[in-house]
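Worksheet for the structure shown next.
2 protein chains.
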Amino acid sequence: MARKISDSTVRRLSRYLRRLRALDRRDQEVVSSRGLAESTGTTAAQVRKDLSHFGSFGKRGQGYDVHDLRVQLEEILGLTRRWSVAVLGVGKIGSALLGYGLFRQRGFDVAAAFDADPAKIGLELGGIRIQPLSELEQTFSDRGVSIAIIATPVEAAQEMATRAVRAGASAVLNFAPVKLDVPPGVAMREMDVTLELEGLCYMVTAAGQAADRPPDGNE
Amino acid sequence: MARKISDSTVRRLSRYLRRLRALDRRDQEVVSSRGLAESTGTTAAQVRKDLSHFGSFGKRGQGYDVHDLRVQLEEILGLTRRWSVAVLGVGKIGSALLGYGLFRQRGFDVAAAFDADPAKIGLELGGIRIQPLSELEQTFSDRGVSIAIIATPVEAAQEMATRAVRAGASAVLNFAPVKLDVPPGVAMREMDVTLELEGLCYMVTAAGQAADRPPDGNE
DNA sequence: ATGTTCTTGTGATCTCCTTCACAAGCGAGA
DNA sequence: TCTCGCTTGTGAAGGAGATCACAAGAACAT
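These protein sequence lines map, in sequence, to chains C and X. The working numbering numbers the first residue of the first sequence as 1 and each following residue consecutively. The working numbering numbers the first residue of the second sequence as 1001 and each following residue consecutively.
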C-alpha cells in the first residue's frame, strides 16, 4: 500500500494518535482534519495528506470518527501487538524509564533491565529486577525483546547496541550522546536532552540577533 | 549573516559540536568534513553546506581545526554564555534531570525546581531545593531563568508553560505529551519517549511487511 | 618555482515534502 | 428528490533542503 513514508509523516501520525486517544477518552465522537491539525501543530491539508497515504478514513462533510481513526492509526503504526522493551543501563535515565508507568498502558512491556554495576544487580525498580549483562542474550531470547533502550554512559553505548541487536532486538532507542551504528534493517532513534537545549539556545540567540538589526532591515 | 537556518541544520550543528568536543578532549587537532560526517551520521557535502551558512571555517586541502571549529560552533549556537534552566514538575523525569550532572558542564545551570505537591517542597535533589509554585515568578526573575523545562503531568503542562513564559522564560522544553502553545518569539521543543518508541514500532512493522511481499515485488 | 594531491566552499540540480485548490461525496432540511 | 453547506481526498504547483560536481586554494615534495 504505502511506498515510502517519511519520518516526519510517521512523527505526525504518532501525534495524531496521541491526540485521538485523548479525544476518545473524553468520548468525543468526531474530529475534522482542521481540529486534529490545530491540536497537533500542523495544517488540515497536512493531516489529510498524511492519512491519505494509508487509505481513506473520513466521511466527506463530516470528518473522522475518533475511535475508528484511533484504531486505524494504531494498526498502521504497528501498535496492535505488545512490544517487549529492555532497558540497558540503569542510571538516572534508566531508572526514570523503569518507573514510567505510561509505557505499559501504551502497549510497551518493560521486560528487563541490565546494568554493569554489580552493586545494582538484583535491585528492583518499578517491579523490574536489574540483571547482570551476562544474562542479556538469554533474556532477550526468552522474553522476545525487540526494542532495546540504551541508557548507558557514552563509552558503553555502541557495544550494548551491537550486543542487543545480535541478541534479537530490531529497534534501538538511544539516550547516549553518540551516534550509534546498527546494521541495516534495524530501526534507530536518538534522544538527547542537551541537543534539544542547544537547539533552543540557538533559536533564542538567533531571534535576539535578528531583533538587534535596524528595524528597517534591508532585504 | 544567516537568513533562516532550518531546524534540521541546527540539529546537525549540535551533533557536530558534540563530536568536536569529544575530539577536542582527545586532542585531535584536525578533522575533515568527511570525518565529521561519518561520526555524526550525515554526508561530507552536508557538513560543508551547513557550516557555509555561517562563514568559512576550514582550510582547503587540510580540513577543520577541531578546537577552533568547536569554539565557532559554540558561538553560533549561543553557548558562550551560561543559561539558567528551571525544572517544572519533579516526578520521574524531573528528578532524573535534576540529577543529570552533564548539564552544568555544558553551560546549563539548573537554577530552580518547582512542584505542586506540598510533600515535595523543601526536599533537595541534586543540590536543588524544590520550591512551591507560588515562588515561581519571583525566582525566575531573581535568577534570570530563560529556559523552562516542563516535566509535569499533561493537565498542568499548558498552564506551567504560560506562566513560565510570562515570568520571563524565552524557551520551553516540553516533556509532557501534549502540544503546548507559546507566544510567537518563544522557542519550543518537545521530547516524548512514547512518540519515539511508536516511530520505532512503525519502522519495524513496515520493514516486516515489505519483506512479506513477494521478493519480485512489482513496483 | 612548479606540479601533485587533497579538501574546502558553493552554484546548480534534484528530490522530496508541503501547500494549494478544487472536484467528489455526505448529510440535513425543504 | 433536490439543494445547500461542509469536509474529505488528491492531482498539481511550489518551496525547501539534500546532493552533485567542480573550481579555488593550501601544503608538500621535487
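Where a beta carbon is used, it is the ideal one built from N, C-alpha and C, also for glycine. It should be emphasised that the depicted structure is a prediction, and the values quoted were computed from it without experimental measurement.
{"Check": "Alpha carbon to alpha carbon, what distance is there between X/R1081 and C/L23?", "Outcome": "43 angstroms"}
{"Check": "Which residues of chain X have a Cβ atom closer than 7 angstroms to the Cβ of C/L82, listed in chain order?", "Outcome": "Looking at the sequence shown, residue 82 of chain C is not Leu but Arg. Residues of chain X passing the Cβ test: none, with the nearest at roughly 10 angstroms."}
{"Check": "Which residues, in chain order, does the stretch 1151 to 1175 of chain X contribute to contact with chain C at a C-beta distance below 7 angstroms?", "Outcome": "S1170, A1171, L1173"}
{"Check": "Bridge partners for C/V282 per DSSP, in chain order?", "Outcome": "Only positions 1 to 219 of chain C appear in the structure, and residue 282 of chain C is not among them; the question remains open."}
{"Check": "Does DSSP classify C/D59 as helix, strand or coil?", "Outcome": "According to the sequence provided, residue 59 of chain C is Lys. The question's Asp does not apply to it. In the structure shown, C/K59 sits in a strand (DSSP, three-state: E or B)."}
{"Check": "So within the stretch 1018 to 1053 of chain X, which uninterrupted alpha helix (DSSP H) runs reach at least 4 residues, ignoring any that extend past its ends?", "Outcome": "1033 to 1038, 1044 to 1052"}
{"Check": "How close, in whole Å, do the beta carbons of X/Q1105 and X/I1121 come, if the pair is a contact with beta carbons under 8 angstroms?", "Outcome": "In fact, because the Cβ distance is near 28 angstroms, the residues do not count as touching under 8 angstroms."}
{"Check": "With a threshold of 16 other CB atoms inside 10 Å of the CB of C/V154, please say whether the residue is buried or exposed.", "Outcome": "exposed"}
{"Check": "From X/A1169 to X/D1117, what distance separates their C-alpha atoms?", "Outcome": "22 angstroms"}
{"Check": "Could you say which of C/E75, C/A157, C/G78 lies nearest to C/D115 if we only look at CA atoms?", "Outcome": "C/A157"}
{"Check": "Buried or exposed: which applies to X/E1075, given that a residue is buried once 16 or more other Cβ atoms fall within 10 Å of its Cβ?", "Outcome": "exposed"}
{"Check": "Using a Cβ cut-off of 7 angstroms, pull out every chain X residue sitting near C/F108, in sequence order please.", "Outcome": "L1197"}
{"Check": "Do the CB positions of C/A171 and X/L1200 come within less than 7 angstroms of each other?", "Outcome": "yes"}
{"Check": "Could you list which residues in chain X have their beta carbon closer than 7 angstroms to that of C/Y100, in chain order?", "Outcome": "K1092"}
{"Check": "Sort C/T42, C/S146, C/T162, C/F108 by Cα distance to C/R11 and report the nearest one.", "Outcome": "C/T42"}
{"Check": "What's the call for C/L102, buried or exposed, on a 16-neighbour Cβ count within 10 Å?", "Outcome": "exposed"}
{"Check": "At a cut of 8 angstroms, does the stretch 12 to 19 of chain C reach the stretch 1190 to 1209 of chain X through at least three beta carbon pairs?", "Outcome": "yes"}
{"Check": "So C/M160 is in the alpha helix (DSSP H); what residue range does that whole segment cover?", "Outcome": "154 to 166"}
{"Check": "Report yes or no: is there a C-beta of chain C within less than 7 angstroms of the C-beta of X/K1059?", "Outcome": "no"}
{"Check": "Opposite C/D115 in the DSSP bridges: which residues?", "Outcome": "C/P132"}
{"Check": "Report all residues from its chain with a CB closer than 8 angstroms to the CB of X/D1180; omit the five preceding and five following residues, and keep chain order.", "Outcome": "Checking the sequence, you will find Leu at residue 1180 of chain X rather than Asp. Hits under 8 angstroms: I1150, A1157, Q1158, A1161, V1172, N1174, M1188, E1190."}
{"Check": "Near C/R21, what residues of its chain come up, given a Cβ to Cβ distance below 8 angstroms and the 5 sequence neighbours on each side ignored?", "Outcome": "R70"}
{"Check": "When Cβ atoms are compared, which residues of the stretch 1175 to 1192 of chain X fall closer than 7 angstroms to chain C?", "Outcome": "P1177, K1179, G1185, A1187, R1189, M1191"}
{"Check": "Run through DSSP, which three-state label would X/R1003 get?", "Outcome": "coil"}
{"Check": "Give the secondary structure of X/L1100 by DSSP, where H, G and I count as helix, E and B as strand, and everything else as coil.", "Outcome": "According to the sequence as given, residue 1100 of chain X is Tyr; it is not Leu. Coil."}
{"Check": "How big is the Cα-Cα spacing for C/A45 and C/V165?", "Outcome": "39 angstroms"}
{"Check": "Measuring CB to CB, does X/L1088 end up less than 7 angstroms from X/A1148?", "Outcome": "yes"}
{"Check": "Just confirm the distance between the C-beta atoms of X/W1125 and X/V1090, as a whole number of angstroms; I'd bet it's less than 8 angstroms.", "Outcome": "Per the sequence presented here, residue 1125 of chain X reads as Leu, with Trp not at that position. So it is a contact: roughly 7 angstroms between Cβ atoms."}
{"Check": "Quick one, which residues of the stretch 1024 to 1057 of chain X are near chain C if we go by CB-CB under 8 angstroms, in chain order?", "Outcome": "S1039, T1040, G1041"}
{"Check": "List the residues of chain X whose Cβ lies closer than 8 angstroms to the Cβ of C/S146, in chain order.", "Outcome": "V1204"}
{"Check": "Rounded C-beta distance between C/V98 and C/I128? I'm assuming under 8 angstroms.", "Outcome": "Looking at the sequence shown, residue 98 of chain C is not Val but Leu. Between C/I128 and C/L98 the Cβ distance is about 5 angstroms, and since that is below 8 angstroms, they are a contact."}
{"Check": "Could you give the DSSP three-state label for X/D1142: helix, strand or coil?", "Outcome": "helix"}
{"Check": "X/M1188 by DSSP, collapsed to three states: which one?", "Outcome": "strand"}
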